[in-house]
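Under our numbering, the first residue of the sequence shown carries the number 11, and numbering increases by one thereafter. Note that CB positions come from ideal geometry on N, CA and C, so glycine has one too. The structure presented is a predicted model; accordingly, all values stated were derived computationally and were not measured. Following: one structure in structure tokens, then a few remarks.
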Amino acid sequence: MVKLNRLQCDQLRPSDCKELDFEITAEDLETMRVIGKGSSGVVQLVRHKWVGKLFAMKGLSVHFYELQVIQMNIQEKIRKQIVQELKINQASSQCPHVAVCYHSFYHNGAFSLVLEYMDRGSLVDVIRQVKTILEPYLAVVCKQVLQGLVYLHNERHVIHRDIKPSNLLVNHKGDVNIHDHVFFYSFTLQPERISGSTYDYSSDIWSLGMSVLECAIGRFPYLESEDQQNPPSFYELLAAIIESPPPTAPSVQFSPEFCSFVSACLQKDPPARASSLDLLSHPFIKKFEDMDIDLGVLVGTLEPPVNCLR
11 MVKLNRLQCD QLRPSDCKEL DFEITAEDLE TMRVIGKGSS GVVQLVRHKW
61 VGKLFAMKGL SVHFYELQVI QMNIQEKIRK QIVQELKINQ ASSQCPHVAV
111 CYHSFYHNGA FSLVLEYMDR GSLVDVIRQV KTILEPYLAV VCKQVLQGLV
161 YLHNERHVIH RDIKPSNLLV NHKGDVNIHD HVFFYSFTLQ PERISGSTYD
211 YSSDIWSLGM SVLECAIGRF PYLESEDQQN PPSFYELLAA IIESPPPTAP
261 SVQFSPEFCS FVSACLQKDP PARASSLDLL SHPFIKKFED MDIDLGVLVG
311 TLEPPVNCLR
């Protein structure tokens, strides 16, 4: 297990932590509008009635848990256990790049999570408007996501299992957060998971490589084009991930540093992938560190997403 030294830990614990100086109850929140819908439930933009602060409130559908333990007749003991597990994740994040769950409650047979609100949506919303993200901005995105992964892997000792553009949220200031780290429920397309092999932290690295490459080329890496007339079926896609060489960044379009970064992530053999801590020192990340690249300049000009899918 990789352990962080004091300096590295301090770098992940900013003085402006995300803890609130006021209490939140369900009665304090008023719904503004729906901002996301997905298989796990609906995400609403809510406002604290007395303070005015905005949050994203995610309601979890009854089919959310794989074991289907969230039901109308859920046992009190089980419900309390789930709430206790949620509280562990509430506002305890010491990393600015891991989204905070400020509060959770059980009401009318469903759980609701009060989450940090990111006003520019996800990277999916960003690339929907800009088509592709240039390398300098991608380096800033990658650095923040890697800092979040270092925190999850080396301090919380958890695997996210679903790193993808729609789970990487951004605000108008250019801050990037890893979302949905509380529940590791979604199926993601790492080769070892498809083949039934064991997986570890390196699964998140594969997903990071796929995500950053998708943002760079503007399409899912296993598709030939964004508007491919005959896209592969789900099973053809699974077969390609297992049997085909991993995707690469086109060397004629991208710098050697970026191509190397993607390659370090997209190794079919999990032990061959670089760790999140190692990738923070990769030449691609270092290349732009002294250039004062402001991601907020890019996302600040974009239209806020409305009713985008999650």
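Whole-Å CB distance - residue i paired with residue j, under 8 Å assumed
{"i": "Lys68", "j": "Val53", "result": "5 Å"}
{"i": "Ala109", "j": "Ile188", "result": "6 Å"}
{"i": "Pro242", "j": "Ala250", "result": "7 Å"}
Which residues DSSP lists as bridging residue i, in chain order
{"i": "Ala249", "result": "Answer is none; Ala249 lacks a bridge partner."}
{"i": "Val180", "result": "Val186"}
{"i": "Leu55", "result": "Arg43 and Ala66"}
{"i": "Glu126", "result": "Phe65"}
Simplified DSSP assignment, three categories, for residue i
{"i": "Tyr147", "result": "helix"}
{"i": "Tyr232", "result": "coil"}
{"i": "Tyr112", "result": "strand"}
{"i": "Phe121", "result": "strand"}
{"i": "Glu165", "result": "coil"}
{"i": "Glu37", "result": "helix"}
{"i": "Val262", "result": "coil"}
{"i": "Gly306", "result": "helix"}
{"i": "Pro281", "result": "helix"}
Residue span of the alpha helix (DSSP H) that contains residue i, given as start and end
{"i": "Gly62", "result": "Element bounds for Gly62: n/a, residue is neither H nor E."}
{"i": "Ser273", "result": "Pro266 to Cys275"}
{"i": "Gln139", "result": "Leu133 to Val140"}
{"i": "Pro293", "result": "Pro293 to Lys297"}
{"i": "Ala226", "result": "Ser212 to Ile227"}
{"i": "Asp288", "result": "Ser286 to Leu289"}
Backbone CA spacing between residue i and residue j [nearest angstrom]
{"i": "Ser265", "j": "Pro231", "result": "17 Å"}
{"i": "Ile143", "j": "Val150", "result": "11 Å"}
{"i": "Leu178", "j": "Val155", "result": "8 Å"}
{"i": "Asp214", "j": "Glu246", "result": "22 Å"}
{"i": "Asp129", "j": "Pro315", "result": "8 Å"}
{"i": "Asp185", "j": "Gly306", "result": "8 Å"}
{"i": "Tyr211", "j": "Pro257", "result": "20 Å"}
{"i": "Glu234", "j": "Leu133", "result": "20 Å"}
{"i": "Asp279", "j": "Leu64", "result": "43 Å"}
{"i": "Phe371", "j": "Glu253", "result": "The structure shown does not extend to residue 371, since the chain spans only 11 to 320, so no value can be given for it."}
{"i": "Asn164", "j": "Leu287", "result": "9 Å"}
{"i": "His297", "j": "Leu148", "result": "Note that residue 297 is Lys in the sequence shown, not His. For Lys297 and Leu148, the distance between alpha carbons rounds to 11 Å."}
{"i": "Val309", "j": "Asp38", "result": "30 Å"}
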